[in-house]
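Student: Note that this note's numbering has the sequence shown beginning at -7, numbered continuously upward. Each residue gets a CB set at the ideal place from its N, CA and C atoms; glycine is no exception.
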Amino acid sequence: MQNHIGSLTVMTSPEDALSMPAGEFSSAEMRRYSRHLILPDFGLEGQKKLKAARVLIVGLGGLGSPVSMYLAAAGVGTIGLVDFDRVDETNLQRQIVHSTSTVGQLKVESARARLLDINPHIEVTPYAEPFTSANALEIARSFDVLVDGTDNFPNRYLSNDVCVLLGKPNIYGSVYRYEGQASVFCMKDGPCYRCLFPTPPPPNSVPTCGEGGVLGVLPGVIGLVQATETIKVITGIGQTLSGHLLVYDAFTMTFEKIKLKKNPQCVICSEHPTLDHLIDYDQFCGFPGAGEAAAEPPEPSISPIELARRLRDSQAPHLRLIDVREKREWDFAHLPGAELFPIDELDARLDELSPEDDIVVYCRTERRVHDALDLLNAFGFKNVRKLAGGYVAWVKDVDPTLPTY
């Protein structure tokens, strides 16, 4: 069985593997790939397929880092990198393609330099821009395989839909705290991401890695699974994870392989799809500021600089600064004068606050603040604002000596 994708024939079983024309290897490349060339069921033909392949990696964080490095080392001929972010010190605990010397650089440029240092015989194409409904099809069209290294639901659904519409395999991975998942979606007769997750979870129900944390080595394990599956998809060796979800628990060092089925009613990959185009994925996932929500009145806020000035003013009325993060985040660092009301406890502790209090609420950024404001407003609290940008913005604008995470 095989998928014909662009200029590359992607195999789904080793017995169907076909020879593909490729450029000659230099003596330096022969030495570099010698362990592949003597490998049973791989050999020269497998290496030729890698050299001819074009792989797009969306996201250069914890997952995209090991994926990109091992695909470069393996000899994938062209690697596309999509990420608009810059390297931050908080990335370095797990995003191993970057380094201390590249802090502040665009991630695509940091990664490109590292990949070409690993293997100068490949081509690396950077896209320093967000992966959106407006540009995703254009970017992905010339690549054979897409590796999803993103960390949010809008981008996961976007990557999936792009792969279905273009007929390209989607190498999926996700990590959270101590657990990771991996699969191969959008192969012939196999399920897609929407078959497993037809609808996204409620907004703000799943903390980000920045809020919930992640064991630094966890993305390495899942990223290497993604790199392995990418190589298998390209070369046709072994059996891929298509039709299965691999679940890894680093806390107990256990792997579980769950069988998946293609959803005959899937809105995009079934025989009679109802979705044939890319949509507004922020709106689909219910992210704040998306779709119609963008037209709603903005929530009352106070800037970090204004808040600092207010806290220094001994003549100003008393202000209650409410931190709705979890206790472990509070223990890591918190703003002076703040009170800890974890978002999960806020409802039960409303009697500790007065509806007449002048209240400013903050979390790490603003994600959990929206739920807190909705709750307080529903119970008649009249003077409630959010700290614009949250703890992260305070560190940036007021007190850079505080640690970030």
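Locate the alpha helix (DSSP H) running through R308, then write down its first and last residues.
Tutor: Start at 1 with the first residue of the sequence shown, and residue 308 comes out as number 316. For the sequence presented, residue 308 should be read as Ala rather than Arg. Premise fails: A308 is in no alpha helix (DSSP H) and is neither H nor E.
Student: Under a Cβ-count criterion, where at least 16 other Cβ atoms within 10 Å of its own Cβ denotes burial, should G333 be classed as buried or exposed?
Tutor: Indexing the sequence shown from 1 puts residue 333 at position 341. The sequence given here has Phe at residue 333, not Gly. Answer is buried; the Cβ neighbour count reaches 16.
Student: Report the residue from T82, P292, V74, A66 whose alpha carbon sits nearest the alpha carbon of D350.
Tutor: On the sequence shown, residue 350 is found 358 positions in, with the first residue counted as 1. Taking only the C-alpha atoms, the option nearest D350 is P292.
Student: Please report the residue range of the beta strand (DSSP E) in which K251 lies.
Tutor: Position 259 of the sequence shown, counted from the start, is the residue given in the question as residue 251. From DSSP, the beta strand (DSSP E) with K251 extends over 246 to 251.
Student: Using DSSP with H/G/I as helix, E/B as strand and the rest coil, what is W386?
Tutor: Here the question's residue 386 lines up with position 394 in the sequence shown. Looking at W386 - three-state DSSP - the assignment turns out to be helix.
Student: Should the region 261 to 268 be called in touch with the region 317 to 331, which here means at least 3 C-beta pairs below 8 Å?
Tutor: Too few Cβ pairs lie closer than 8 Å, so no.
Student: Return the residue from the list A45, L252, D268 that minimises the CA-CA distance to P183.
Tutor: The residue labelled residue 183 in the question sits at position 191 within the sequence shown. That would be L252, whose Cα lies nearest to the Cα of P183.
Student: Which of the three DSSP states, helix, strand or coil, is assigned to V352?
Tutor: Taking the first residue of the sequence shown as position 1, residue 352 is located at position 360. Strand, per DSSP.
Student: Run the CB neighbour count on L31, radius 10 Å, all protein chains shown included, and call it buried at 16 or more, exposed below.
Tutor: Working through the sequence shown from its first residue, we reach residue 31 at position 39. It counts as exposed.
Student: Answer yes or no: do G51 and D75 have a C-beta to C-beta separation smaller than 8 Å?
Tutor: Counted from its first residue, the sequence shown places residue 51 at position 59. Counted from its first residue, the sequence shown places residue 75 at position 83. Result yes, Cβ atoms of G51 and D75 sit closer than 8 Å.
Student: For R359, which of helix, strand or coil comes out of DSSP?
Tutor: The residue labelled residue 359 in the question sits at position 367 within the sequence shown. In this structure, R359 counts as coil in the three-state DSSP scheme.
Student: Taking the beta strand (DSSP E) that Y119 belongs to, which residues open and close that run?
Tutor: Counting from 1 along the sequence shown, the entry for residue 119 is found at position 127. 115 to 119 is the span of the beta strand (DSSP E), which, as asked, contains Y119.
Student: Scan the region 132 to 215 and note each continuous alpha helix (DSSP H) run of 4 residues or more that stays entirely inside, going in chain order.
Tutor: List check, alpha helix (DSSP H) in window: 145 to 158, 185 to 188, 201 to 204.
Student: Quick one: any contact between the region 159 to 173 and the region 218 to 225, if contact means 3 or more CB pairs under 8 Å?
Tutor: These segments touch.
Student: Could you tell me which of A45, A385, D343, T232 sits nearest to G372, measuring between CA atoms?
Tutor: Position 380 of the sequence shown, counted from the first residue, corresponds to residue 372. The shortest C-alpha separation from G372 is found at D343.
Student: Just how far apart, CA to CA, sit S295 and E348?
Tutor: Here residue 295 is taken as the residue at index 303 of the sequence shown, counted from 1. Here residue 348 is taken as the residue at index 356 of the sequence shown, counted from 1. Going from the Cα of S295 to the Cα of E348 covers about 21 Å.
Student: P146 and C355 - do their beta-carbons sit closer together than 8 Å?
Tutor: Residue numbering aside, residue 355 sits at position 363 when the sequence shown is read from its first letter. Residue numbering aside, residue 146 sits at position 154 when the sequence shown is read from its first letter. Taking 8 Å as the Cβ cut-off, C355 and P146 do not qualify as a contacting pair.
Student: Kindly indicate the opening and closing residues of the beta strand (DSSP E) around V50.
Tutor: For this step, residue 50 is matched to residue 58 along the sequence shown. Note, V50: beta strand (DSSP E), 46 to 50.
Student: In this structure, does DSSP put H236 in helix, strand or coil?
Tutor: For the purposes of this step, residue 236 is taken as the residue at position 244 of the sequence shown. Of the three classes helix, strand and coil, the one that applies to H236 here is strand, per DSSP.
Student: Classify S5 as helix, strand or coil using the three-state DSSP reduction.
Tutor: For the purposes of this step, residue 5 is identified with residue 13 of the sequence shown, where counting begins at 1. At S5 the pLDDT is 37, less than 50, meaning the model places this residue with poor confidence; the figure from the coordinates comes in the next sentence. Three-state DSSP puts S5 in coil, outside helix and strand.
Student: Restricting to runs no shorter than 4 residues, where is the alpha helix (DSSP H) found entirely within the region 32 to 87?
Tutor: Counting only runs of 4 or more, we get 35 to 44, 56 to 66.
Student: Is it buried or exposed for M22, if we count other Cβ within 10 angstroms and need 16 for buried?
Tutor: In the sequence shown, residue 22 corresponds to position 30, counting from 1. Under this definition M22 is an exposed residue.
Student: For K378, count the other beta carbons within 10 Å of its own beta carbon; 16 or more makes it buried, fewer makes it exposed. Which is it?
Tutor: Within the sequence shown, residue 378 is the residue found at index 386, counting from 1. The residue in question, K378, is buried, as its Cβ has 16 or more Cβ neighbours within 10 Å.
Student: Ends of the alpha helix (DSSP H) at A103?
Tutor: Position 111 of the sequence shown holds residue 103. Segment 99 to 110, the alpha helix (DSSP H) holding A103.
Student: With contact counted as at least three CB pairs below 8 Å, one residue from each stretch, are the region 39 to 56 and the region 135 to 152 in contact?
Tutor: In short, these stretches touch, since the Cβ pair count reaches three.
Student: Reducing DSSP to helix, strand and coil, say where A14 ends up.
Tutor: Here the question's residue 14 lines up with position 22 in the sequence shown. Residue confidence is low: A14 scores 42 on pLDDT, short of 50, so the model does not pin down where it sits. No coordinate-derived value is stated.
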